[in-house]
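Engineer: Residue numbering for the sequence shown follows the numbering used here, starting at 37 and increasing by one per position. Below you'll find the structure I mean.
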Amino acid sequence: MSARLGSLSRSRAWRTVTAVWLCIAPLGGCASPYGGAERLPVRYEAVALSGYGIRYFDVVATRSGVRLHGRICREQRGARGISALRLERLSESGAVITVAEAHVQGLRSGVGRTRSIQPCSLFNADAPWRPTAGQTIRICTTDEARATAGGVCPRPHVG
């Protein structure tokens, strides 16, 4: 009986070791973020987020371009809700080259049933381009972009 239990536990341990090896062996698999996809070093600036802050932001290479991925969190109580972010790819001179939009779920405000208590949300946007050296990604809410002339994100305040 004890020999049977011993072989059972060794068998279970072997399956665990095999599963872990299969997970991490091919190109970093489960052991690296984004399944081993390349993270691109890109500068970004978050402007005029009105009570919100970007907790992290990554640009990940895909077959067709990039995936812009991050986390936005409410930093001020009573901050108005947001539903989307505008992500602008800027040239070295600051001109907008292309734009992507990321939908944000769970950060709407309101009263009663529609009131949001969720402090943070993830966002993703796929874009058919890759930023090059010297380019920056500017992030703002779509509401703030609509409020400016030309519908672009406001310029960052230099203080």
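Just so you know, even glycine gets a beta-carbon here, dropped at the ideal spot from N, CA and C. Since we're looking at a predicted model, the values are computed, not measured.
Does the beta-carbon of residue 92 have 16 or more other beta-carbons within 10 angstroms, so that it is buried, or is it exposed?
Structural biologist: Locating residue 92 in the sequence shown gives position 56, counting from the first residue. The residue in question, residue 92, is exposed, as its Cβ has fewer than 16 Cβ neighbours within 10 Å.
Engineer: To the nearest angstrom, report how far apart residue 181 and residue 120 are at their CA atoms.
Structural biologist: If you number the sequence shown from 1, residue 181 lands on position 145. If you number the sequence shown from 1, residue 120 lands on position 84. When rounded, the distance between both Cα atoms is 11 Å.
Engineer: I'd like to confirm the pairing. Which residues does DSSP put opposite residue 99 in its beta bridges?
Structural biologist: Residue mapping note: residue 99 aligns to position 63 of the sequence shown, counting from 1. Looking at the DSSP assignment, residue 99 forms no beta bridge with any residue, so it has no partner.
Engineer: Terminal residues of the continuous alpha helix (DSSP H) containing residue 174?
Structural biologist: As a position in the sequence shown, residue 174 is number 138, starting the count at 1. Here residue 174 belongs to no alpha helix (DSSP H); instead the beta strand (DSSP E) covers 172-177.
Engineer: Just to confirm, is the Cβ distance from residue 104 to residue 73 under 8 Å?
Structural biologist: On the sequence shown, position 68 is the one that residue 104 refers to. On the sequence shown, position 37 is the one that residue 73 refers to. No. Outside cutoff.
Engineer: Could you check what DSSP says for residue 137 in three-state terms: helix, strand or coil?
Structural biologist: Start at 1 with the first residue of the sequence shown, and residue 137 comes out as number 101. Note: residue 137 maps to strand in three-state DSSP.
Engineer: Got a sec, what are the start and stop residues for the beta strand (DSSP E) residue 157 sits in?
Structural biologist: Counting from 1 along the sequence shown, the entry for residue 157 is found at position 121. 156-163 is the span of the beta strand (DSSP E), which, as asked, contains residue 157.
Engineer: In this structure, what does DSSP give as the bridge partners for residue 70?
Structural biologist: Numbered from 1 along the sequence shown, position 34 holds the residue referred to as residue 70. The partner list for residue 70 (beta bridge, DSSP) is empty, contrary to what the question assumes.
Engineer: Tell me the DSSP secondary structure of residue 91 in three-state form.
Structural biologist: In the sequence shown, the residue the question calls residue 91 occupies position 55. If DSSP states are grouped into helix, strand and coil, residue 91 belongs with the strands.
Engineer: Would you grab the beta carbon distance between residue 110 and residue 80 for me? Rounded to a whole angstrom, and I think it's under 8 Å.
Structural biologist: Against the sequence shown, residue 110 aligns to sequence position 74. Against the sequence shown, residue 80 aligns to sequence position 44. About 19 Å; that fails the 8 Å criterion.
Engineer: What is the DSSP secondary structure of residue 131, reduced to helix, strand or coil?
Structural biologist: Counting from one through the sequence shown, the residue named residue 131 turns up at place 95. The answer is coil: DSSP assigns residue 131 none of H, G, I, E or B.
Engineer: Between the Cα of residue 174 and those of 144, 159, 130, spot the shortest distance and give me the residue it belongs to.
Structural biologist: By 1-based counting over the sequence shown, the position of residue 174 is 138. Checking every option, the nearest Cα to that of residue 174 belongs to 130.
Engineer: Taking only the alpha-carbon atoms, compute the straight-line gap between residue 139 and residue 99 and give it to the nearest angstrom.
Structural biologist: To locate residue 139, count along the sequence shown from 1; it is residue 103. To locate residue 99, count along the sequence shown from 1; it is residue 63. When rounded, the distance between both Cα atoms is 22 Å.
Engineer: Looking only at DSSP bridge pairs, what is residue 82 linked to?
Structural biologist: The residue labelled residue 82 in the question sits at position 46 within the sequence shown. Answer is 175.
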